[in-house]
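Following: one structure in C-alpha coordinates, then a few remarks.
Residue numbers (the UniProt record's numbering): 1 to 123.
This is how it looks when you write it as C-alpha coordinates:
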(Lines of atoms letter the chains of each structure in order from A; the text may use other names.)
(Lines give C-alpha, C1' and ligand atoms only; values in the text may rest on other atoms or scores of the structure.)
Protein backbone atom coordinates (compact mmCIF):
# COMPACT_ATOMS: atom_id res chain seq x y z
CA UNK A 1 0.00 0.00 0.00
CA UNK A 2 1.28 3.45 -0.90
CA UNK A 3 1.44 6.14 1.79
CA UNK A 4 1.69 9.81 0.95
CA UNK A 5 1.60 12.95 3.06
CA UNK A 6 -0.73 15.82 2.16
CA UNK A 7 0.87 19.26 2.02
CA UNK A 8 -0.27 20.22 5.53
CA UNK A 9 1.00 16.92 6.96
CA UNK A 10 4.39 17.50 5.31
CA UNK A 11 4.53 20.93 6.93
CA UNK A 12 3.52 19.41 10.29
CA UNK A 13 6.34 16.86 10.15
CA UNK A 14 8.90 19.48 9.11
CA UNK A 15 7.88 21.75 11.99
CA UNK A 16 7.88 18.89 14.51
CA UNK A 17 11.32 17.69 13.46
CA UNK A 18 12.74 21.22 13.39
CA UNK A 19 11.43 21.93 16.89
CA UNK A 20 12.71 18.56 18.12
CA UNK A 21 16.21 19.31 16.83
CA UNK A 22 16.16 22.83 18.27
CA UNK A 23 14.92 21.83 21.72
CA UNK A 24 16.37 18.36 22.21
CA UNK A 25 19.35 18.02 19.87
CA UNK A 26 20.45 15.91 16.93
CA UNK A 27 20.13 12.52 18.62
CA UNK A 28 16.50 13.12 19.56
CA UNK A 29 15.82 14.49 16.06
CA UNK A 30 17.18 11.29 14.52
CA UNK A 31 15.19 9.15 16.93
CA UNK A 32 11.94 10.96 16.15
CA UNK A 33 12.64 10.79 12.42
CA UNK A 34 13.07 7.02 12.79
CA UNK A 35 9.67 6.86 14.51
CA UNK A 36 8.03 8.64 11.58
CA UNK A 37 9.67 6.19 9.19
CA UNK A 38 8.46 3.25 11.28
CA UNK A 39 4.92 4.68 11.36
CA UNK A 40 4.95 4.88 7.55
CA UNK A 41 5.95 1.21 7.36
CA UNK A 42 3.12 0.31 9.74
CA UNK A 43 0.61 2.16 7.56
CA UNK A 44 2.00 0.53 4.42
CA UNK A 45 1.61 -2.90 6.02
CA UNK A 46 -1.93 -2.36 7.33
CA UNK A 47 -3.66 1.03 7.60
CA UNK A 48 -6.49 -0.67 9.51
CA UNK A 49 -4.21 -2.30 12.08
CA UNK A 50 -5.77 -2.88 15.50
CA UNK A 51 -3.47 -0.26 17.07
CA UNK A 52 -5.00 2.45 14.87
CA UNK A 53 -8.27 4.18 15.74
CA UNK A 54 -11.30 4.76 13.59
CA UNK A 55 -12.09 8.50 13.86
CA UNK A 56 -15.48 9.00 12.23
CA UNK A 57 -16.19 11.34 15.15
CA UNK A 58 -13.93 13.79 13.28
CA UNK A 59 -14.69 12.86 9.67
CA UNK A 60 -16.07 9.82 7.86
CA UNK A 61 -13.27 7.48 6.79
CA UNK A 62 -10.63 9.11 8.99
CA UNK A 63 -8.28 7.04 11.14
CA UNK A 64 -5.44 7.85 13.50
CA UNK A 65 -2.22 6.20 14.57
CA UNK A 66 -0.32 7.41 17.61
CA UNK A 67 3.39 7.77 16.91
CA UNK A 68 3.97 5.98 20.21
CA UNK A 69 2.75 2.78 18.50
CA UNK A 70 5.76 2.99 16.18
CA UNK A 71 7.97 3.40 19.24
CA UNK A 72 6.30 0.40 20.87
CA UNK A 73 5.78 2.45 24.00
CA UNK A 74 3.25 5.16 24.53
CA UNK A 75 5.27 7.66 26.51
CA UNK A 76 8.03 8.12 23.94
CA UNK A 77 6.08 10.10 21.33
CA UNK A 78 3.27 12.63 21.70
CA UNK A 79 2.09 13.05 18.10
CA UNK A 80 -0.73 11.43 16.15
CA UNK A 81 -0.97 10.77 12.41
CA UNK A 82 -4.47 11.36 11.00
CA UNK A 83 -5.08 9.60 7.72
CA UNK A 84 -7.59 8.12 5.35
CA UNK A 85 -7.59 5.78 2.43
CA UNK A 86 -8.43 7.08 -1.03
CA UNK A 87 -9.03 5.13 -4.21
CA UNK A 88 -8.31 6.37 -7.72
CA UNK A 89 -10.41 5.65 -10.82
CA UNK A 90 -8.39 2.48 -11.51
CA UNK A 91 -9.09 1.15 -8.01
CA UNK A 92 -5.58 1.71 -6.64
CA UNK A 93 -5.66 2.59 -2.94
CA UNK A 94 -3.42 5.12 -1.24
CA UNK A 95 -3.19 5.99 2.43
CA UNK A 96 -3.07 9.78 2.74
CA UNK A 97 -1.77 11.28 5.98
CA UNK A 98 -3.71 14.54 6.21
CA UNK A 99 -2.23 15.98 9.43
CA UNK A 100 0.25 15.14 12.17
CA UNK A 101 -0.80 16.78 15.42
CA UNK A 102 0.33 16.80 19.03
CA UNK A 103 -1.96 14.58 21.08
CA UNK A 104 -3.15 17.57 23.13
CA UNK A 105 -4.20 19.63 20.11
CA UNK A 106 -7.87 19.98 19.23
CA UNK A 107 -7.95 17.62 16.25
CA UNK A 108 -11.42 18.66 15.08
CA UNK A 109 -10.28 22.26 14.72
CA UNK A 110 -7.07 21.42 12.87
CA UNK A 111 -8.57 18.77 10.61
CA UNK A 112 -11.55 20.72 9.28
CA UNK A 113 -9.97 21.85 6.01
CA UNK A 114 -7.11 19.35 5.80
CA UNK A 115 -9.29 16.36 4.96
CA UNK A 116 -10.93 18.08 2.00
CA UNK A 117 -7.58 19.33 0.73
CA UNK A 118 -6.26 15.76 0.62
CA UNK A 119 -8.81 14.68 -1.99
CA UNK A 120 -7.13 13.44 -5.16
CA UNK A 121 -7.61 15.63 -8.23
CA UNK A 122 -10.31 14.57 -10.67
CA UNK A 123 -9.26 12.73 -13.78
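Cβ atoms here follow ideal geometry from the backbone N, Cα and C, with glycine treated the same way.
Quick caveat: nothing in here was measured; it's all calculated off a predicted structure.
With a 10 Å radius around the Cβ and a threshold of 16 neighbouring Cβ atoms, residue 7 comes out exposed. Taken through DSSP and simplified to helix, strand or coil, residue 43 comes out as helix.
Residue pairing of residue 110 in beta bridges, as defined by DSSP: absent, with no partner found. DSSP places residue 24 in the uninterrupted alpha helix (DSSP H) bounded by 7 to 24. Straight across, the Cα-Cα distance linking residue 79 with residue 61 is about 20 Å. When C-alpha distances from residue 94 are compared across 110, 83 and 27, the shortest belongs to 83.
Cβ neighbours of residue 53 within its own chain (closer than 6 Å, five residues either side excluded): 64.
A distance below 7 Å between beta-carbons, with the five flanking residues on each side excluded, links residue 9 to the following residues of its chain, in chain order: 97, 98, 99 and 100.
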